[in-house]
Amino acid sequence: NYLILLMLVTGAAIGHALFHPSAMDLVYRVSPPAKLGKYNSVFTTAGSISYAFGPLVAGALIAFGGLPAVCWMVLPGIIGAAWIFRLTRRMPETAASAKVQKTSLIAGSASAAALVVTVCALRAIGYMGVITYLPTLLTESAGLSTLFSSLVVTIMLFFGVAGQLAGGRLSDKYGRKRMLVAGLVLAIPCFLLIFAGGFLMYAGIMSYAFFASFCYVTSVTMTQELLPGKTGLASGLTLGFTMGLGGFGAAAVGLAADITGNLVFALSLLVIPIILAPVLALFVRYKKLDASATA
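Each position in the sequence shown, counted from 1, maps to that position plus 1475 in the working numbering.
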């Protein structure tokens, strides 16, 4: 039943939205300011590694047991929920001691944070669109099997994990805005390679995942720093709100594919938000203050 399936997916999305902002707010509070990018990247990478296994596991289940076999994937969710419930009952003292507000070393404003969120949303539209329709593109256009297509998507997501780690750590060292713009710019030619076919297509898929994820943690960290004292809101905007907009973007791609009857053409439209993202990122006002001035 399609309606029931849609309701279940919505419920999963609500759970995702409830968990991540508060969890990342805690990460912000307990992490050293000079290593905030690194700590955020480790947090997001942990989830992304499991997320990367998802298509491979689902593809294997479908290949060997049919679509109903996907129901077995409820088990990790139940185990994870029980584990989190047990851990949070032991954390009241840790959470209370973590509520010490950090002094922001960033000269920013709500308008600058809003621009970063917009950039993050544009990035999410491109990335979610590719992830959503890549299996269909590989099976229908490239003639690959469901299992092999799932393997390609899994490898792609692991490249995204590597990009998150690299982007978070390098943003600590070379600057958030610089790494944000660099990742978004480098993602453009990589996205175009996806339509080249053959080896270049696979190279484009993997490199696009790397650079699109490279700037993801950086944008989250920037928003947290631009909204001191509102890190839960900042995390919710970048982790939840923008991903929701990315989902709407993916739905728009599907609609375009239905209208034109051409999935490749519909996917190629994603180049518009992918190009707009680095252009807008250049206008973000983000400047570090002298640490002695805030002491």
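Just so it is clear, CB atoms sit at the ideal spot from N, CA and C, and this is done for glycine as well.
What is the DSSP secondary structure of residue i, counted as helix, strand or coil?
i: lysine 1705; result: coil
i: valine 1754; result: helix
i: alanine 1573; result: Only weak support exists for where alanine 1573 lies, its pLDDT of 47 falling under 50; the coordinates are left without a value.
i: leucine 1478; result: helix
i: alanine 1487; result: helix
i: proline 1507; result: coil
i: leucine 1619; result: coil
Taking the alpha helix (DSSP H) that residue i belongs to, which residues open and close that run?
i: arginine 1651; result: 1651 to 1668
i: leucine 1714; result: Counting along the chain, leucine 1714 falls outside any alpha helix (DSSP H), and DSSP gives it neither H nor E.
i: arginine 1598; result: 1585 to 1611
i: methionine 1681; result: 1673 to 1689
i: valine 1739; result: 1738 to 1743
i: lysine 1513; result: 1511 to 1540
i: proline 1543; result: Looking at the DSSP string, proline 1543 is not in any alpha helix (DSSP H), and its letter there is neither H nor E.
i: threonine 1563; result: 1549 to 1563
Using only the heavy atoms of the ligand GTP, determine whether one of them is closer than 7 Å to the beta carbon of residue i.
i: glycine 1604; result: For the ligand GTP, the structure offers nothing, since it holds no ligand at all.
So, do the region 1681 to 1690 and the region 1647 to 1666 have three or more beta carbon pairs nearer to each other than 8 Å?
They touch, by the three-pair rule.
Should the region 1731 to 1742 be regarded as contacting the region 1606 to 1615, the criterion being three or more beta carbon pairs within less than 8 Å?
The region 1606 to 1615 and the region 1731 to 1742 touch, with three or more beta-carbon pairs separated by less than 8 Å.
Can you confirm whether the region 1706 to 1717 touches the region 1548 to 1568 when touching is taken to mean that 3 or more C-beta pairs between the two stretches lie within less than 8 Å?
The region 1548 to 1568, when compared against the region 1706 to 1717, does not touch it at the 8 Å Cβ threshold.
Taking contact to mean 3 or more Cβ pairs, one atom from each stretch, closer than 8 Å, check whether the region 1702 to 1709 and the region 1665 to 1681 are in contact.
Verdict: no, contact absent.
The region 1638 to 1649 contacting the region 1717 to 1728, beta-carbon criterion three pairs below 8 Å:
Not touching, per the Cβ criterion.
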